[in-house]
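Single-structure report; data block below.
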Amino acid sequence: MNNIKIYIIIYISFLFMIAVACESILPTAINDDELLDGPIEGLNNEQITQFSRGDFAFNNQIFTTESGLGPIFVSTSCGSCHFGDGKGTPENSIIRFGKLDSMGNPYQILGSPQLQYRSITGYSPEKLPINALFFKVVPPAITGLGYLALVSDSDIISMSDPDDKDNDGISGVVSWGVIPKYLNPNINSIQINGQYIFRFGKKATSYNLFHQTVKAYNQDIGIASQQEPIDVWSGHEIEPEISSQTVIDVHAYLNSLKAPIQRNQSDEEIINGKKIFVNIGCGGCHKETLKTGYSDIEVLSNKVFHPYTDLLLHNMGSDLDDGYTEGSAKTFEWRTPALWGLGLSPNSQGGKFYLMHDGRANSIEEAILMHGGEATLRKLNFQNLPSKDKNNLLKFLNSL
Amino acid sequence: MKIYLYTIKISLIFIFISFDLKALNDKDSNNILNMDAVYNRPLIKLDNQSIAIGGYVETNTQYSIKNGISEGFSFQAKRLTLFFSSTIAKQLKFLSEIEFESGGKEINIEFAALDLEFDPSINLRGGIFVNPIGAFNQNHDGPKWDFIDRPLSATKIIPSTLSNVGFGIYGKYFVSNWVLGYETYLSNGFDDKIIYNAENRTSLSAGKANSFKFEESFSGTPMFTGKIALRNRNYGEIGISYLKGVYNKWQNDGIILDKKRNVSIIALDFNTTLIENKLNINGEVAKVFVELQEGIAPQFGNEQVGFYSDIIYNIYKGRVLNWENAKISLGFRCEFVDFNVGEFYETKTKIFDEIWSITPTLSFRPVGSSVIKINYKYEINYDILGNLPKKIGSIQFGFSTYF
Numbered sequence: 007m008n009n010i011k012i013y014i015i016i017y018i019s020f021l022f023m024i025a026v027a028c029e030s031i032l033p034t035a036i037n038d039d040e041l042l043d044g045p046i047e048g049l050n051n052e053q054i055t056q057f058s059r060g061d062f063a064f065n066n067q068i069f070t071t072e073s074g075l076g077p078i079f080v081s082t083s084c085g086s087c088h089f090g091d092g093k094g095t096p097e098n099s100i101i102r103f104g105k106l107d108s109m110g111n112p113y114q115i116l117g118s119p120q121l122q123y124r125s126i127t128g129y130s131p132e133k134l135p136i137n138a139l140f141f142k143v144v145p146p147a148i149t150g151l152g153y154l155a156l157v158s159d160s161d162i163i164s165m166s167d168p169d170d171k172d173n174d175g176i177s178g179v180v181s182w183g184v185i186p187k188y189l190n191p192n193i194n195s196i197q198i199n200g201q202y203i204f205r206f207g208k209k210a211t212s213y214n215l216f217h218q219t220v221k222a223y224n225q226d227i228g229i230a231s232q233q234e235p236i237d238v239w240s241g242h243e244i245e246p247e248i249s250s251q252t253v254i255d256v257h258a259y260l261n262s263l264k265a266p267i268q269r270n271q272s273d274e275e276i277i278n279g280k281k282i283f284v285n286i287g288c289g290g291c292h293k294e295t296l297k298t299g300y301s302d303i304e305v306l307s308n309k310v311f312h313p314y315t316d317l318l319l320h321n322m323g324s325d326l327d328d329g330y331t332e333g334s335a336k337t338f339e340w341r342t343p344a345l346w347g348l349g350l351s352p353n354s355q356g357g358k359f360y361l362m363h364d365g366r367a368n369s370i371e372e373a374i375l376m377h378g379g380e381a382t383l384r385k386l387n388f389q390n391l392p393s394k395d396k397n398n399l400l401k402f403l404n405s406l
Numbered sequence: 006m007k008i009y010l011y012t013i014k015i016s017l018i019f020i021f022i023s024f025d026l027k028a029l030n031d032k033d034s035n036n037i038l039n040m041d042a043v044y045n046r047p048l049i050k051l052d053n054q055s056i057a058i059g060g061y062v063e064t065n066t067q068y069s070i071k072n073g074i075s076e077g078f079s080f081q082a083k084r085l086t087l088f089f090s091s092t093i094a095k096q097l098k099f100l101s102e103i104e105f106e107s108g109g110k111e112i113n114i115e116f117a118a119l120d121l122e123f124d125p126s127i128n129l130r131g132g133i134f135v136n137p138i139g140a141f142n143q144n145h146d147g148p149k150w151d152f153i154d155r156p157l158s159a160t161k162i163i164p165s166t167l168s169n170v171g172f173g174i175y176g177k178y179f180v181s182n183w184v185l186g187y188e189t190y191l192s193n194g195f196d197d198k199i200i201y202n203a204e205n206r207t208s209l210s211a212g213k214a215n216s217f218k219f220e221e222s223f224s225g226t227p228m229f230t231g232k233i234a235l236r237n238r239n240y241g242e243i244g245i246s247y248l249k250g251v252y253n254k255w256q257n258d259g260i261i262l263d264k265k266r267n268v269s270i271i272a273l274d275f276n277t278t279l280i281e282n283k284l285n286i287n288g289e290v291a292k293v294f295v296e297l298q299e300g301i302a303p304q305f306g307n308e309q310v311g312f313y314s315d316i317i318y319n320i321y322k323g324r325v326l327n328w329e330n331a332k333i334s335l336g337f338r339c340e341f342v343d344f345n346v347g348e349f350y351e352t353k354t355k356i357f358d359e360i361w362s363i364t365p366t367l368s369f370r371p372v373g374s375s376v377i378k379i380n381y382k383y384e385i386n387y388d389i390l391g392n393l394p395k396k397i398g399s400i401q402f403g404f405s406t407y408f
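First to last, the protein sequences are chains A and B. The first sequence begins at 7 in my numbering and counts up by one. The second sequence begins at 6 in my numbering and counts up by one.
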């Protein structure tokens, strides 16, 4: 009899454990439209395998003193700045500094253009020189970049209007630059006087995602590669600290990240908000729809997508003029950021918004109100909206 | 030099006090403290030999789901540990503990120390020993615990099992219902991998992996570890422990490279048994302080904290099948670690980098030295910014036994 009691206790306890551990209380999956990370649907086996390798290198490869970190650096891994492939915060800002005039950049010997404000033991981190001009940028979201990389040069040029010939007050400017020797121009790229269209970065100073990847390893983590072999501390060429295969895998990862998915698309207020977005002229710079050209990743080829950017530089006014610039952008010019994924920004920014190039805006509304220059009229249109329309517009932007 | 002076002072205080206290027979089980765990194990003595041997094994299965995505089903051979004890001569003992982790992927000498016993109140120990920081670090054998995983705070904050080479003294005093124990050691310490490591955070467990720690001190400066534990035979035990040492290479060949940067841990542990020995409650709180070099905070934390508490209730004791003194227990563990205590400088928001976890358990002990465990562990992981956490649910089944 005693034994039977024991068996019952064991049995009940076991059932209890199983019940406790049943599917209903195991962690459930997060909806795909709530996540920024993840691959484009339809990649083939080889592409998925490379994506996974790139994902690991991007998010899990932590650089240490043994693997080449620094000696001066900003971060120890790619994923440390782009949590969940989303935007970063002012806490892990990149600081670019220097001075550009006819005498060149006198701050180059002090580490310009990027401030590596952390260092390994035995080295001193760089300090921002007194009187140096600088701007800070929060790390951008990296999802959907493969689509933006495939917008044809001719489409970008067709959206530009440097002299504002259509008199709409918007005069998007193409960022032209000289590509480094290790890059091959894209198929059908347009070249003028040896310069190509640069489209990535807040000042549009990167030609393509490979260029951006190589620069970020070097400038952000202090990792010399075959492509950028200069040690950020000594300024001397050193042996590569990362394999070219890893750089290629990370490039493939960035190319194959899915585009953010808009949420609640059938919500009436959001539909109305989208109409208001168009009506008050936001779409003049934040172009809703672009299309890709040919890609050897079949699922990216000739696709229509909705990033809400024109990849052009615009005058954003004196309040957003930090006095320092890079590439062909003027100090008051910034490249139109894509708005897709905007509403998910807090998911990678610790539950808060840090918008605009340096994270100075803590809400979407604050960000709109900080627009100046070419966007001044659109800002005024927004301010004059009835509160219901304003809320619908904000709801739409938050759904992206 | 300060650390030597402190150690000598503490030692002298204990020696002085010992003359006023009555020494009892410390073999009495009521006199056993957590710090005695290394010798409080089942060992088999070979006939006519001074050597005794023993060991334990821990293995389990695990099925995990992280944010709704299955991590799959795994079998884990966590560790196989062998003990060798030898009474070399009267009042001269040697004990060693060799651990094979994950099927031999890591082989560690956790303990290999010679004890010279003058008196229960004063003993000398030299060799490789587990630093007496917290309770779990010294009392970590799988068969003693009703949970499959080791506590987070005792692995991620205090890097159990932290062992080092060095020398020290330990002893116990007995007054009425009270037992007071102490340990103080100087040993090699951590290296700068507590900062520059693959975990991307300040991590003492990463620093523990220094493979040269039994050869030389990375900093060239001894690390101090000390513990005082007080036990009331009716109520339980409380211990407070402290560790402090330099972790960076501050000089090389007489050339000063950097200022000395310290790492320190303070830990409080407790255990008690109530309701006619049916209810056992134990736990540990630990706080870590690290002097960082300029600029690397807040990505790397200069302060960490962690705690765990286990509550085990014995629901049945008696015969099960052919086991006369089998035990069935239900238990619950609650634990928390914060790898980076503080606020961000720029945004003035809280730094997260935290793990919360709860684990209900059902354990069956056919005999005292063996335990079969079923656990359900639910863990919530926050990144440094406190973004949407990773939620991990694990169902574990395993056993652990001395042999």
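For each residue, glycine too, the CB sits at the ideal point set by N, CA and C. Given the structure is predicted, the values throughout are model-derived calculations rather than measurements.
Among the options, which one has its Cα closest to the Cα of residue i?
| i | options | result |
| --- | --- | --- |
| residue 276 (chain B) | B:235, B:395, B:364 and B:250 | B:235 |
| residue 285 (chain B) | B:149, B:306 and B:56 | B:149 |
| residue 258 (chain A) | A:52, A:37 and A:38 | A:52 |
| residue 32 (chain A) | B:272, B:403, B:385 and B:206 | B:385 |
| residue 266 (chain B) | B:257, B:398, B:297 and B:204 | B:297 |
| residue 380 (chain B) | B:257, B:155, B:55 and B:62 | B:155 |
| residue 126 (chain A) | A:80, A:313 and A:364 | A:80 |
| residue 251 (chain B) | B:290, B:209 and B:238 | B:209 |
| residue 289 (chain B) | B:327, B:69, B:68 and B:338 | B:338 |
| residue 301 (chain B) | A:190, A:77 and A:43 | A:77 |
| residue 287 (chain B) | B:168, B:242 and B:406 | B:242 |
| residue 15 (chain A) | B:368, B:407 and B:397 | B:368 |
So, helix, strand or coil for residue i, using DSSP?
| i | result |
| --- | --- |
| residue 297 (chain B) | coil |
| residue 122 (chain B) | strand |
| residue 288 (chain A) | helix |
| residue 227 (chain A) | helix |
| residue 367 (chain B) | strand |
| residue 170 (chain B) | strand |
| residue 376 (chain A) | coil |
| residue 227 (chain B) | coil |
| residue 283 (chain B) | coil |
| residue 307 (chain A) | coil |
| residue 46 (chain B) | coil |
| residue 141 (chain B) | coil |
| residue 183 (chain A) | strand |
| residue 388 (chain B) | coil |
Just checking my contact of residue i with residue j at CB under 8 Å: how many whole Å lie between their CB atoms?
| i | j | result |
| --- | --- | --- |
| residue 98 (chain B) | residue 122 (chain B) | 7 Å |
| residue 200 (chain A) | residue 344 (chain A) | That pair is no contact at about 28 Å. |
| residue 398 (chain A) | residue 243 (chain A) | Going by Cβ atoms, the distance from residue 398 (chain A) to residue 243 (chain A) rounds to 56 Å, so no, they are not a contact pair. |
| residue 418 (chain B) | residue 292 (chain B) | Residue coverage of chain B in this structure runs from 6 to 408, which leaves residue 418 (chain B) outside it and unanswerable. |
For residue i, which residues from the same chain have a beta carbon less than 7 Å from its beta carbon, with the 5 sequence-adjacent residues on both sides left out?
| i | result |
| --- | --- |
| residue 67 (chain A) | 83 |
| residue 219 (chain B) | 133 and 170 |
| residue 216 (chain B) | none |
| residue 371 (chain A) | 400 |
| residue 59 (chain A) | 255 |
| residue 237 (chain A) | 230 and 244 |
| residue 148 (chain A) | 88, 91, 260 and 263 |
Counting only the same chain and skipping the five closest in sequence on each side, list residues whose C-beta sits under 6 Å from that of residue i.
| i | result |
| --- | --- |
| residue 5 (chain B) | Residue numbering for chain B in the displayed model covers 6 to 408; residue 5 (chain B) lies beyond these limits and cannot be assessed. |
| residue 153 (chain B) | 65, 378, 380, 401 and 403 |
| residue 80 (chain B) | 66 |
| residue 330 (chain A) | 139, 140 and 141 |
| residue 234 (chain A) | 220 and 224 |
Query raised in the report: Hey, is the segment 84–93 of chain A in contact with the segment 345–363 of chain A, meaning 3+ C-beta pairs nearer than 8 Å?
Result: yes
Query raised in the report: Can you find at least 3 beta carbon pairs, one from the segment 190–203 of chain B and one from the segment 220–235 of chain B, that sit closer than 8 Å?
Result: yes
Report task. Would you check if there are 3 or more beta carbon pairs closer than 8 Å linking the segment 371–382 of chain A to the segment 315–335 of chain A? Result -> yes
Requested in this report: Mind the definition here: the segment 147–164 of chain A touches the segment 194–210 of chain A only if three or more C-beta pairs lie below 8 Å; say whether that holds.
Outcome: yes
**Report entry** the segment 107–122 of chain A / the segment 359–378 of chain B touching (three or more Cβ pairs under 8 Å)
**Finding:** no
Report task. Report yes or no: do the segment 164–182 of chain B and the segment 316–327 of chain B share at least 3 C-beta pairs separated by less than 8 Å? Result -> no
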